[in-house]
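Asks: To start, I am sharing the structure in question, which I have written as C-alpha coordinates.
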Amino acid sequence: MKIFPAIDLYGGKAVRLYKGDYAQMTVYSENPIEVARDFEAAGAEWIHMVDLEGARDGTTPNLSVVADIAKNTSLKVEIGGGIRSMETVKAYVDAGVSRVILGTAAVKDPDFLKAALDAYGEKIAVGVDIKDGKVAIKGWLETAEDDAMTFCEKMQKLGVKTIISTDISKDGAMQGANHELYREMSERFAMQIVASGGVSSMEDVTRLRALDIYGAIIGKAYYTGAISLKEAIEVSK
(Lines of atoms letter the chains of each structure in order from A and count residues from 1; the text may use other names and numbers.)
(Lines give C-alpha, C1' and ligand atoms only; values in the text may rest on other atoms or scores of the structure.)
Protein backbone atom coordinates (compact mmCIF):
# COMPACT_ATOMS: atom_id res chain seq x y z
CA MET A 1 0.00 0.00 0.00
CA LYS A 2 1.30 3.44 -0.93
CA ILE A 3 1.25 6.28 1.58
CA PHE A 4 0.28 9.69 0.21
CA PRO A 5 1.20 12.52 2.57
CA ALA A 6 -1.02 15.48 1.80
CA ILE A 7 -0.73 19.21 1.33
CA ASP A 8 -3.90 21.24 0.92
CA LEU A 9 -3.16 24.62 -0.64
CA TYR A 10 -4.82 27.95 0.06
CA GLY A 11 -3.17 31.27 -0.71
CA GLY A 12 0.14 29.52 -1.42
CA LYS A 13 0.21 28.01 2.07
CA ALA A 14 -0.14 24.46 3.39
CA VAL A 15 -3.42 24.29 5.31
CA ARG A 16 -6.04 21.81 6.53
CA LEU A 17 -9.79 22.16 6.80
CA TYR A 18 -12.01 20.52 9.41
CA LYS A 19 -14.66 18.41 7.64
CA GLY A 20 -14.28 20.49 4.49
CA ASP A 21 -15.30 23.73 6.21
CA TYR A 22 -13.45 26.74 4.77
CA ALA A 23 -14.30 28.67 7.95
CA GLN A 24 -12.35 26.11 10.00
CA MET A 25 -8.92 26.36 8.39
CA THR A 26 -5.55 25.82 10.07
CA VAL A 27 -2.36 27.07 8.41
CA TYR A 28 0.45 24.55 8.96
CA SER A 29 3.17 26.06 6.81
CA GLU A 30 3.85 29.24 4.86
CA ASN A 31 6.24 27.27 2.64
CA PRO A 32 4.72 24.10 1.11
CA ILE A 33 7.92 23.02 -0.67
CA GLU A 34 9.65 22.69 2.71
CA VAL A 35 6.83 20.39 3.81
CA ALA A 36 7.21 18.39 0.58
CA ARG A 37 10.94 18.02 1.22
CA ASP A 38 10.15 16.67 4.69
CA PHE A 39 7.87 14.10 3.04
CA GLU A 40 10.68 13.21 0.65
CA ALA A 41 13.16 12.81 3.52
CA ALA A 42 10.75 10.43 5.28
CA GLY A 43 10.76 8.15 2.25
CA ALA A 44 7.55 9.17 0.52
CA GLU A 45 7.21 8.37 -3.18
CA TRP A 46 4.03 10.37 -3.80
CA ILE A 47 2.47 13.60 -2.56
CA HIS A 48 -1.27 14.27 -2.64
CA MET A 49 -2.18 17.90 -3.19
CA VAL A 50 -5.50 19.75 -3.30
CA ASP A 51 -5.95 23.33 -4.40
CA LEU A 52 -8.76 24.39 -2.07
CA GLU A 53 -9.32 27.67 -3.88
CA GLY A 54 -9.51 25.73 -7.13
CA ALA A 55 -12.00 23.26 -5.66
CA ARG A 56 -14.27 26.11 -4.65
CA ASP A 57 -13.81 28.44 -7.63
CA GLY A 58 -12.64 26.27 -10.55
CA THR A 59 -9.36 28.19 -10.88
CA THR A 60 -5.64 27.32 -10.54
CA PRO A 61 -4.21 30.00 -8.21
CA ASN A 62 -1.64 27.64 -6.71
CA LEU A 63 -0.28 26.16 -9.96
CA SER A 64 3.17 27.67 -9.42
CA VAL A 65 3.47 25.99 -6.00
CA VAL A 66 2.49 22.62 -7.47
CA ALA A 67 4.98 23.04 -10.34
CA ASP A 68 7.73 24.01 -7.89
CA ILE A 69 7.24 20.81 -5.90
CA ALA A 70 6.99 18.63 -9.03
CA LYS A 71 10.21 20.06 -10.47
CA ASN A 72 12.33 20.45 -7.34
CA THR A 73 11.63 17.21 -5.44
CA SER A 74 11.68 13.53 -6.44
CA LEU A 75 8.04 13.16 -5.39
CA LYS A 76 5.35 12.09 -7.82
CA VAL A 77 2.59 14.68 -7.53
CA GLU A 78 -1.13 14.07 -7.74
CA ILE A 79 -3.31 17.17 -7.69
CA GLY A 80 -7.03 17.85 -7.42
CA GLY A 81 -9.26 20.84 -6.91
CA GLY A 82 -11.25 22.66 -9.57
CA ILE A 83 -9.90 20.84 -12.61
CA ARG A 84 -12.73 21.34 -15.08
CA SER A 85 -11.12 21.80 -18.51
CA MET A 86 -8.59 20.10 -20.77
CA GLU A 87 -6.51 23.29 -20.60
CA THR A 88 -6.16 22.90 -16.84
CA VAL A 89 -5.31 19.21 -17.12
CA LYS A 90 -2.64 20.02 -19.70
CA ALA A 91 -1.24 22.84 -17.55
CA TYR A 92 -0.75 20.47 -14.62
CA VAL A 93 0.70 17.65 -16.74
CA ASP A 94 3.06 20.13 -18.43
CA ALA A 95 4.07 21.31 -14.94
CA GLY A 96 5.29 17.79 -14.14
CA VAL A 97 2.27 16.40 -12.29
CA SER A 98 1.99 12.59 -12.42
CA ARG A 99 -1.74 12.28 -11.79
CA VAL A 100 -4.62 14.75 -12.10
CA ILE A 101 -7.73 14.20 -9.99
CA LEU A 102 -11.13 15.15 -11.39
CA GLY A 103 -13.94 15.64 -8.90
CA THR A 104 -16.84 17.93 -9.72
CA ALA A 105 -16.07 17.70 -13.45
CA ALA A 106 -16.26 13.90 -13.41
CA VAL A 107 -19.80 14.20 -12.04
CA LYS A 108 -21.07 17.16 -14.02
CA ASP A 109 -19.26 16.74 -17.36
CA PRO A 110 -18.81 13.09 -18.38
CA ASP A 111 -17.75 14.13 -21.90
CA PHE A 112 -14.82 16.04 -20.45
CA LEU A 113 -13.90 13.08 -18.24
CA LYS A 114 -13.91 10.77 -21.26
CA ALA A 115 -11.79 13.20 -23.27
CA ALA A 116 -9.30 13.45 -20.42
CA LEU A 117 -9.12 9.65 -20.10
CA ASP A 118 -8.63 9.31 -23.86
CA ALA A 119 -5.81 11.87 -23.82
CA TYR A 120 -4.03 11.01 -20.59
CA GLY A 121 -5.12 7.51 -19.52
CA GLU A 122 -3.83 6.49 -16.11
CA LYS A 123 -2.72 10.05 -15.37
CA ILE A 124 -6.40 10.77 -14.70
CA ALA A 125 -7.92 9.79 -11.36
CA VAL A 126 -11.39 10.53 -10.01
CA GLY A 127 -12.05 11.90 -6.55
CA VAL A 128 -15.15 10.45 -4.93
CA ASP A 129 -15.93 12.62 -1.93
CA ILE A 130 -18.74 11.07 0.07
CA LYS A 131 -21.26 12.96 2.19
CA ASP A 132 -24.12 10.94 3.69
CA GLY A 133 -23.59 8.25 1.03
CA LYS A 134 -23.79 10.73 -1.86
CA VAL A 135 -21.02 12.18 -4.02
CA ALA A 136 -20.16 15.71 -2.88
CA ILE A 137 -19.06 18.31 -5.44
CA LYS A 138 -18.00 21.97 -5.74
CA GLY A 139 -15.67 21.97 -2.75
CA TRP A 140 -18.09 19.75 -0.82
CA LEU A 141 -20.72 22.47 -0.91
CA GLU A 142 -23.24 20.43 -2.98
CA THR A 143 -24.12 16.75 -3.47
CA ALA A 144 -24.82 14.90 -6.73
CA GLU A 145 -27.79 12.64 -7.42
CA ASP A 146 -25.81 9.40 -7.58
CA ASP A 147 -24.89 7.49 -4.47
CA ALA A 148 -21.16 6.81 -4.20
CA MET A 149 -21.21 3.14 -5.20
CA THR A 150 -23.35 3.74 -8.30
CA PHE A 151 -21.01 6.52 -9.34
CA CYS A 152 -17.94 4.31 -8.85
CA GLU A 153 -19.52 1.62 -11.03
CA LYS A 154 -19.93 4.20 -13.79
CA MET A 155 -16.31 5.28 -13.39
CA GLN A 156 -15.04 1.73 -13.68
CA LYS A 157 -17.04 1.17 -16.87
CA LEU A 158 -15.52 4.34 -18.36
CA GLY A 159 -12.01 3.01 -17.74
CA VAL A 160 -10.97 5.03 -14.69
CA LYS A 161 -8.03 3.26 -13.01
CA THR A 162 -7.71 5.17 -9.72
CA ILE A 163 -10.32 6.42 -7.25
CA ILE A 164 -9.48 8.71 -4.34
CA SER A 165 -12.32 8.24 -1.88
CA THR A 166 -12.88 10.68 0.99
CA ASP A 167 -15.43 10.23 3.74
CA ILE A 168 -16.08 13.91 4.50
CA SER A 169 -17.46 13.15 7.96
CA LYS A 170 -14.03 11.78 8.89
CA ASP A 171 -11.84 14.36 7.17
CA GLY A 172 -9.63 16.28 9.58
CA ALA A 173 -11.61 14.97 12.54
CA MET A 174 -8.89 12.59 13.80
CA GLN A 175 -11.53 9.94 14.56
CA GLY A 176 -10.25 7.09 12.41
CA ALA A 177 -10.90 6.08 8.82
CA ASN A 178 -14.12 4.51 7.52
CA HIS A 179 -12.71 1.00 7.16
CA GLU A 180 -16.03 -0.57 6.18
CA LEU A 181 -16.34 1.84 3.27
CA TYR A 182 -12.91 0.95 1.92
CA ARG A 183 -13.48 -2.77 2.47
CA GLU A 184 -16.69 -2.57 0.41
CA MET A 185 -14.99 -0.56 -2.34
CA SER A 186 -12.00 -2.90 -2.53
CA GLU A 187 -14.31 -5.91 -2.82
CA ARG A 188 -16.63 -4.36 -5.42
CA PHE A 189 -14.21 -2.64 -7.76
CA ALA A 190 -11.07 -3.53 -9.71
CA MET A 191 -9.84 0.07 -9.61
CA GLN A 192 -6.98 1.32 -7.44
CA ILE A 193 -8.65 2.64 -4.27
CA VAL A 194 -6.99 5.38 -2.25
CA ALA A 195 -8.43 5.96 1.22
CA SER A 196 -8.69 9.55 2.36
CA GLY A 197 -10.16 11.18 5.44
CA GLY A 198 -9.64 10.26 9.07
CA VAL A 199 -6.41 8.26 8.78
CA SER A 200 -5.29 9.32 12.21
CA SER A 201 -3.28 6.52 13.82
CA MET A 202 -0.89 3.70 13.04
CA GLU A 203 -3.79 1.34 13.70
CA ASP A 204 -5.63 2.96 10.77
CA VAL A 205 -2.59 2.43 8.55
CA THR A 206 -2.25 -1.21 9.62
CA ARG A 207 -5.96 -1.96 9.10
CA LEU A 208 -6.04 -0.30 5.68
CA ARG A 209 -2.90 -2.20 4.68
CA ALA A 210 -4.70 -5.44 5.59
CA LEU A 211 -7.49 -4.55 3.14
CA ASP A 212 -4.89 -4.63 0.34
CA ILE A 213 -6.06 -1.33 -1.10
CA TYR A 214 -3.78 0.75 -3.31
CA GLY A 215 -3.10 3.67 -1.02
CA ALA A 216 -3.92 5.85 1.97
CA ILE A 217 -3.68 9.61 2.35
CA ILE A 218 -2.27 11.04 5.55
CA GLY A 219 -3.03 14.69 6.22
CA LYS A 220 -3.77 16.23 9.59
CA ALA A 221 -2.29 13.27 11.51
CA TYR A 222 1.11 14.07 10.03
CA TYR A 223 0.94 17.74 10.95
CA THR A 224 -0.16 17.09 14.53
CA GLY A 225 2.46 14.37 15.02
CA ALA A 226 -0.15 11.64 15.58
CA ILE A 227 1.47 9.55 12.82
CA SER A 228 5.15 9.24 11.98
CA LEU A 229 5.26 9.37 8.18
CA LYS A 230 8.44 7.31 8.09
CA GLU A 231 6.88 4.60 10.28
CA ALA A 232 3.67 4.60 8.24
CA ILE A 233 5.62 4.09 5.04
CA GLU A 234 7.53 1.19 6.58
CA VAL A 235 4.36 -0.48 7.91
CA SER A 236 2.54 -0.10 4.60
CA LYS A 237 5.11 -1.95 2.49
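In this text, residue positions in the sequence shown follow the working numbering: the first is 493, and each later residue adds one.
Where a beta carbon is used, it is the ideal one built from N, C-alpha and C, also for glycine.
#1: Roughly how many angstroms separate the alpha carbons of Ala533 and Lys712, rounded to a whole number?
#2: Measure the CB-CB distance between Ile571 and Val542 and report whether it falls below 9 Å.
#3: Just tell me which of Asp659, Ala608, Ile616 has its CA closest to the CA of Gly625.
#4: Run through DSSP, which three-state label would Phe681 get?
#5: Report all residues from its chain with a CB closer than 6 Å to the CB of Tyr584; omit the five preceding and five following residues, and keep chain order.
#6: How is Tyr510 classed by DSSP in three states: helix, strand or coil?
#7: Using the C-alpha atoms, what's the distance from Ile616 back to Ser688?
#8: What is the rounded straight-line gap between the Cα of Asp704 and the Cα of Ser556?
#9: How would you label Pro524, buried or exposed, when you count the other beta carbons within 10 angstroms and need 16 or more for buried?
#10: Rounded C-beta distance between Ile575 and Val581? I'm assuming under 8 Å.
#11: If you reduce the DSSP assignment to three classes, tell me which class Arg517 lands in.
#12: Checking the sheet assignment: what are the DSSP bridge partners for Ala436?
#13: Compute the distance between the beta-carbons of Asn554 and Leu501, then report whether it is under 9 Å.
#14: Sort Ser693, Leu609, Phe681 by Cα distance to Thr716 and report the nearest one.
#15: Roughly how many whole angstroms lie between the Cα atoms of Arg701 and Met493?
#16: Measure from the alpha carbon of Thr635 to the alpha carbon of each residue in Met683, Ala597, Leu567, Ile495, then state which is nearest.
#17: Which residue from Glu614, Lys649, Ile622 puts its Cα closest to that of Pro602?
#18: Please state if the CB of Ala506 and the CB of Ile495 are separated by a distance shorter than 9 Å.
#19: Compare the beta carbon distance of Ala708 and Ser728 with 9 Å and say whether it is the shorter of the two.
#20: Can you round the beta-carbon distance between Gly573 and Leu544 to whole angstroms, since I take them to be within the 8 Å contact cut?
#21: For Gly668 and Ile710, what's the separation of their Cα atoms in angstroms?
Replies: In this structure, then:
#1: Going by the C-alpha atoms only, they are around 18 Å apart.
#2: Yes. Within cutoff.
#3: Minimum Cα distance to Gly625 is reached at Asp659.
#4: Correct three-state label for Phe681: coil.
#5: Sequence-distant partners of Tyr584 (beyond 5 residues in either direction) whose C-beta falls short of 6 Å from its own C-beta, in its chain, are Ile571, Val592.
#6: Strand.
#7: C-alpha separation (whole angstroms): 17 Å.
#8: Approximately 35 Å between the Cα atoms of the pair.
#9: Around the Cβ of Pro524, a 10 Å sphere holds 16 or more other Cβ atoms; the residue is buried.
#10: Contact holds; Cβ gap of about 6 Å.
#11: Residue identity differs from the one stated: residue 517 is Met in this sequence, not Arg. It is a strand residue.
#12: For the chain, the structure presents residues 493 to 729; residue 436 sits outside this window and is missing.
#13: Yes. Within cutoff.
#14: That would be Ser693, whose Cα lies nearest to the Cα of Thr716.
#15: In a straight line, the C-alpha of Arg701 is about 6 Å away from that of Met493.
#16: The shortest C-alpha separation from Thr635 is found at Ala597.
#17: Distances from the CA of Pro602 to each of Glu614, Lys649, Ile622 were compared; the closest alpha carbon is that of Lys649.
#18: Not in contact: Ile495 and Ala506 (Cβ atoms no closer than 9 Å).
#19: For the pair Ala708 and Ser728, the CB atoms are nearer than the 9 Å cut-off.
#20: The C-beta separation of Gly573 from Leu544 comes to about 6 Å, placing the pair in contact by the 8 Å criterion.
#21: One C-alpha to the other measures close to 11 Å.
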